Amino acid sequence: MTATDDWTTERMGDLSDRTVVVTGANSGLGFQAAKAFASHGADVVLACRSVERGVDAGERIRNVAPATRLTVIELDLADLASIRAFATNFADTHDELHVLCNNAGVMAVPYGETADGFETQFGVNHLGHFALTGLLLDELRDTEGETRVVTQSSALHENGTIDFDSVARSADRQREESYDKWAAYGQSKLANVLFAYELQRRLRASGVESVASVACHPGYADTNLQKRGPEQAGSTLGLLGMKIANAVIGQDAVTGVLPLLYAATADDVDGGEYVGPGGIGNLRGQPETQRSSDRSYDETTAGRLWDVSENLTGVHYDLDSN
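If you're matching positions, the sequence shown starts at 0 in numbering that gives the first Met the number 0 and goes up one per residue.
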C-alpha cells in the first residue's frame, strides 16, 4: 500500500484545460466529484438519468464555482440505447475527453432487469459502464496528453464471484425467486475491478500508452445509495438499519469521493491501480493505493468477462486482444 500523506482536493491543481465526464453526477459521490472538478476549472459533463436533477445539481455547483463550464447530458445506464445516444451527443458537443469517471451505480436493490434484459445491478454497475467506456474510447485516445478511465467499485467486491450463467440476459422466473441481492451486488463490483484491470492490460498490449485505467472504492460513504434498496423493497426496518449504519460507520461523501479524485488526477497514478481509503478496515480515511481481492487479478476470468460483455452489449473495443 502507498500512503498519500493526507491528500486533499487542494492537490488536484488547475484543471481548466480538462474535460471530465462523471456518471451519476446529480447526487452522492458523483455530485461531490463533479463539484470538485468544477471548482478546479474543469469542463464537467454531468451524465445523469434525470436531466431535471442534473440541471438542479449544476445550479448547486455553480453556487460554489460560478465560472465553471457545466453540461448536463441524459444517460440511463440501464438502457443501451441511452448509452449510445449519450456517446453520440458527447462527441457532437465536445472535442476532448480527459477523464471518464464510471461512478454511478445501484446497491442491493430487489430483483429487476434493465431495458435490455440484464439483471439490474450487473447491467447498470458493470455492463452500462463497459459499453459507455467502449463508445468513448476514441475520444479518450484522440485527446492530447494523458487521459484516464476511473471505475468506482466497492470493498464488497471482495465477496463477489462471477457466475457466468447468471449474467446472461432473459432470466427466468426461477432465477428471480433465488435472487440474492447482496451476492449480485458483490458480483457487479468485482466485475468493475476485473474490467478496470483488463482494460489497462489491453490498452498497453495494443500500444496505447496515453490512456490509463484505474479502479477505486470509497470505503463506507454516507450517501443515498444505501437507502435505495430498502426503499424499493418497502423495508422500513432495513431503511432504519442503513440510516444507523451510515451515521455510525460512514464518512461523509466529501471524504468518500477522495479516492476517485485521487485516481483521476494524482501524478503518481500510471494505470492498473486500486485506490481506497486507508483507515481502519479501509472503510474511511485518506486515499491510498491498495491490493484488491485475489479474484480480481484472475486474468482468465477477466478475459472471459470481457468477451461476454462485448457480446451482451454489442460494444466491441478497437483494441488488439491479449
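The beta-carbon is built from N, C-alpha and C at its ideal position, and this holds for glycine as well. Just so you know, these numbers come straight off a predicted model, no measurement behind them.
- Secondary structure at E298: helix, using DSSP grouped into helix, strand and coil.
- As DSSP reads the structure, Y273 sits in a beta bridge with A214.
- 9 Å or more divides the Cβ of A114 from the Cβ of A46.
- Annotation for A183: E118, Q120 and F121 place their beta carbon closer than 7 Å to its own, counting only its chain and skipping 5 residues before and after.
- Between I60 and L74, the CB-CB gap reaches or exceeds 9 Å.
- Around the beta-carbon of I161, 16 or more other beta-carbon atoms lie within 10 Å, marking it buried.
- Check the Cα spacing between P109 and each of K180, E51 and P276: the tightest is with K180.
- Remark: C-beta atoms of A211 and D269 approach each other more closely than 9 Å.
- Of the candidates S49, F194 and V20, V20 places its Cα closest to the Cα of A35.
- One thing to note: A32 has its Cβ no nearer than 9 Å to the Cβ of S15.
- When secondary structure is reduced to three states using DSSP, A35 falls in the helix class.
- For D137, the enclosing alpha helix (DSSP H) starts and ends at H128 to D141.
- The region 251-259 makes no contact with the region 192-201: fewer than 3 CB pairs, one atom from each, lie closer than 8 Å.
- A Cβ-Cβ separation of about 4 Å places L96 in contact with E138 under the 8 Å criterion.
- For H93, the closest C-alpha among the options L79, A77 and V71 is that of V71.
- For a cut-off of 8 Å, the C-beta gap from F89 to F129 is around 17 Å, too long to register as a contact.
- Exposed is the label assigned to H315, since fewer than 16 other Cβ atoms lie within 10 Å of its Cβ.
- When only Cα atoms are considered, S81 and Q285 end up about 35 Å apart.
- Under the three-state reduction of DSSP output, D55 falls in the helix class.
- DSSP places N25 outside both helix and strand once states are collapsed to three, so it counts as coil.
- Within the same chain, and ignoring the five residues on either side of S187 in sequence, the residues whose Cβ sits closer than 7 Å to its Cβ are Q120, F121, N124 and H125.
- F163 counts as exposed, since fewer than 16 other beta carbons sit within 10 angstroms of its beta carbon.
- Each residue's CA atom was taken as its position, placing A190 and R10 some 30 Å apart.
- With 16 or more neighbouring CB atoms inside 10 Å of its own CB, T8 falls in the buried class.
- With contacts defined by Cβ atoms closer than 9 Å, N101 and T18 do not form a contacting pair.
- When beta bridges are read from the DSSP output, V19 appears opposite V43 and V98.
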